[in-house]
Every structure is written in structure tokens, then in C-alpha cells.
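Structure record follows, encoded as C-alpha cells.
Numbering (my numbering), first residue to last: 2 to 513.
Given below as C-alpha cells:
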């Protein structure tokens, strides 16, 4: 069977200050319970501009312009130490301004639910025409726009949700059905954001990976949104919708859901599909979540910290057949939190870290880097959640001490050597292991490390169906090059068989 390898990764952040107020759950629930709250005035005064968002070191790390080690060497608070001359485009992806993204939403809108105001539509077309991943022919499909009065009428009738930019209404997302709550304007807004942001990540992946898009055969979408109507709530399919916009004409796909752990579940599924020979190339991706925008805004403002949850996060990873170079995903060391595993931090870490390592005779110290819940601590600490990645690394190290993999006095050095500072936005599924995949691939190919573990965790109890926790992990490992020889041999055999069949056919024809 062919081995599965990580062939590439793409990442994108969408600067979305205005969506904090209109679609972040902290602000939308505040509007219902306390419509005169000071929070509505405080948030706009405490958000980063687009330029500040681009210069913010964790965001530069997310798109690959600096690596995690460089981030750790930048003085904190990071929001006061922005990177000079920072670019919105990076090695792995981009940071997109909201006006361009609203244009991407319109282009992702198959059912004419997105209406843009005339002047704004023209400005967006001009901006997107300059974008390297959007063609002028495609951008023209945005259309001429609508009168603001028509848009305002739909908003006043509660048949649409507003699209705002710099505090002004520039469009709306209409409801897709008169009484189906799963197709109301708020849900359609969330789903179009998930789709459009997934498209941006996919296009960045394709632009930065040497792959013929016609050879991509399957897409797995792993966000936390639900696409469907009243008869099949959450039925899908974001995967094919995003693949269509990405030009993956030869692919099919499906959605995988598992709260924050879903991206790693997706990587496991993709690895299985490629390793079994069912598909040669599979993309795992996820759009972002508007609900998480400004989630801890109140605590940030109270502590004098900017409202740092102002970006929609998204990613895309390509898993393909062994090319002899790219890191291999091991199929014999997949971590899984079983139903019987228990929910304590030690039980979870044992199930998804030490058990898969034990199954292949590896120690904790044999993994060069662990990518856990990579939340940016400048977001989580003011909210009282602490430094989430560091807490994970300390638990892994403590288990290592307990197992005898390392001495107690080496515990903190282990955290520094095998761990990393967090840099991902708190978008639920986005921080969960996958932000390091691009860096891990690069470091392994360059011979800087040999092995990385990507860990995803999920809080299944949030769905009120079970009290269970969830967690899965995979190991990315240096490619020995043996698989490429196997692939060549398999291709040689196929050609030999084809040649033999051709000669047999010619012989039969000549005998006739």
C-alpha cells in the first residue's frame, strides 16, 4: 500500500472587526439581553486596524512570515511590538482585509443571497482584481450592486443580516427561506463566511503547492458550522461547495465534524484514503467561525488588552501519495481518546500521546515537536484560561517523567525544547494542532527535525449529547525515500502489464 505524506499547507486570516459586532456571539447575545450595553461602543475603540493586525506577530506566524521560535523571541506584549514592514502575504498564506473578503463572500454565493451596495461593489471589484488569486473575469461576477435603500428595507423587515465595513452598512445577506430557521439570514451569513474563508485557504494551498488540481480527488471539510435545511440540519456539503470554488473539478468530498478535534480527524481520514489507494490526493480544510469573534472582548477591554479575537481563521492541508520527500503520516501510531479513556487531563494525554508512541516503541522525547491547542496566550490569559499550549506541554512532560522518558529536572527544558508559544486565533477548531503542519513539513524536509505530533482535542459535551471529551493525534515523520522507489516499481509493473496486454491484443488481431 502507498504511504500518505503531507504535500503542502495553506493558511489565511480574515480581518473582521465589523463582524465582531454583528455576528460574534458575545456581542449578539449582549444585544438581546442588554441592548444599551457600553460594550457596543467600547469594542470599536479597542480593536486593531488592518495594519496593526498584519503587523501583530502571532498573525505573521500564522501565515509563515516568522516561525514559532522567532515568535518566542519577540518581547511581549506582542500587540505593542508589531513587526515593521510586515506583509499581508506570507509563505503559507495571507491576511485578507474585510472589504476583499466580503467580495469573496459574494463570489461564493450560489443563490444570490449576498447583496452589495453599488459604490462598495465597484470598490471591491477594483481591490480583488489586484489580488493574485482572483481573476478579473471572476471578479466581474460580483455584479453592479444594489441601492442602499433596497438593502436597508430587507434589514428593517428582518429578512437579512447586515454586511458592514468601517462601521457602515455596505450590503446584506438575505434569508434563504421564509420560515426554515436553518436557512435564516444569520445562519446563511455564518455558512457563507465558512465557505468563502475555506476558499481563500484552499486557493492559497494550491498556489503554494506543486500539484495539478485535476489530481485532487477528495475534499474533507472540518469546520464547526452546519450546512443543511429543516429536513437535514447539518447534512452538508461544505467540502464540495469549497472545492467547486477552488476549481477542483475532479474531486468529490464530505464534511467531518468533531468540534475542535475535527481537523485531526480529517487528517486521519485523508491518510487512510490515500494509504488504502482509494484516492491519490485529498485536501483537508476548514472555514472559519464568525461566532468566535470577540468571544472574550469584555475581559480583554477590562484588562486593557485590545480585542484580539478580530480574525477569522482558516486552513487547508494536502495529503497525497508518497513522493519520497514529503513527511510521512504514520498509520501505525494514531492516537485516539476512546469512550472508556476518561476525561482527566492525564487520561486524555495518555490516550492521545503516550499510547500511540508505546504502540511503535517510541518515547515522548523521540518526538521533536508537539503541536497541541496552539491558542495565542495573549487572547486566553486575560480571559482567565491561562497559557493553554504551555499547560499541555507541562502535562506531556509530567507523563514523560512518570514513565521514565526524562528526569524531573528536565521538565521545563522539555517544555521549551519540544513545545512552542501559541499563535493561533481562538476559532475553536483552528488552533487544534493544524497551525504547525506547514512549519512541521518544512522543518522535516529541511532536516531540522525528524518527527512531529499533531494533536486535536474536542469538547463533545458542548452539543449536550454526551459528557465525553475527545482527542486524536497523528505523527508526521521524516521520509526515508523508500516509498518513492516503491511507487516507481508499481508504475513500472503497471506499464509492463499494459505493454503485455497491448502485444497480446496485437497478436490476436494478426491471427485473425
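Ideal Cβ positions, reconstructed from N, Cα and C, are used throughout, including at glycine.
No Cβ-Cβ contact shorter than 7 Å links residue 333 with residue 450.
It is roughly 35 Å from the alpha-carbon of residue 425 to the alpha-carbon of residue 119. DSSP places residue 16 in the uninterrupted beta strand (DSSP E) bounded by 5–16.
When the five nearest sequence neighbours on each side are left out, the beta carbons in the same chain lying within less than 6 Å of the beta carbon of residue 149 are those of 118, in order along the chain. For residue 255, the pairing in a beta bridge is given by DSSP as 221. For residue 464, same chain residues with a beta-carbon under 8 Å away, outside a window of 5 residues either side, are 260 in chain order. Annotation: the continuous alpha helix (DSSP H) that includes residue 440 extends over 438–446.
Per DSSP, the continuous alpha helix (DSSP H) segment holding residue 389 begins and ends at 389–404. CA-to-CA, the gap between residue 442 and residue 7 works out to about 7 Å. Between residue 230 and residue 183, the CB-CB gap stays under 7 Å.
For the pair of segments examined, the segment 314–332 was found not to touch the segment 373–392: the number of CB pairs separated by less than 8 Å stays below three.
Here residue 362 is exposed, its C-beta having fewer than 16 other C-beta atoms within 10 Å. Around the beta carbon of residue 476, 16 or more other beta carbons sit within 10 angstroms, so the residue counts as buried. For residue 187, the closest of 232, 180, 384 and 24 by C-alpha to C-alpha distance is 24. When 440, 456, 447 and 421 are compared, the shortest CA-CA separation from residue 65 is found for 440. Under DSSP, the beta-bridge partners assigned to residue 376 are 425. Across the set 205, 227 and 276, the C-alpha of 205 shows the shortest separation from the C-alpha of residue 247. A distance below 7 Å separates the beta carbons of residue 193 and residue 106. Considering only 130, 322 and 377, the residue with the shortest C-alpha distance to residue 4 is 322. Of the other Cβ atoms in all chains shown, fewer than 16 fall within 10 Å of the Cβ of residue 253; this residue is therefore exposed. DSSP lists no bridge partner for residue 299.
Straight through space, the alpha carbons of residue 466 and residue 232 are spaced by roughly 20 Å. Assigned with DSSP and collapsed to three states, residue 74 falls in coil, not helix or strand. If you look at residue 319, you'll find it in the beta strand (DSSP E) that goes 312–322. Three or more Cβ pairs closer than 8 Å define a contact, and the segment 140–160 meets that threshold against the segment 172–180. With respect to residue 13, residue 202 sits close: the two C-beta atoms are nearer than 7 Å. At a Cβ-Cβ threshold of 7 Å, residue 140 and residue 129 count as neighbours.
Counting only the Cα atoms, residue 104 lies some 13 Å from residue 113.
Looking only at 211, 390, 221 and 416, the smallest Cα-Cα distance to residue 274 is reached by 221. Scanning its chain for C-beta atoms nearer than 6 Å, with the 5 sequence neighbours on each side dropped, one finds no residue around residue 258. Under the DSSP assignment, residue 163 falls in the beta strand (DSSP E) whose first and last residues are 161–166. Taking every protein chain shown into account, the CB of residue 2 has fewer than 16 other CB atoms within 10 angstroms, so this residue is exposed. The distance from the Cβ of residue 11 to that of residue 316 is about 7 Å, consistent with a contact at the 8 Å cut-off. A distance of 7 Å or more separates the beta carbons of residue 433 and residue 288. In the structure shown, the three-state DSSP call for residue 228 is coil. Within its own chain, the residues whose Cβ lies closer than 6 Å to the Cβ of residue 235, once the five positions on either side in sequence are excluded, are 227 and 229, listed in chain order.
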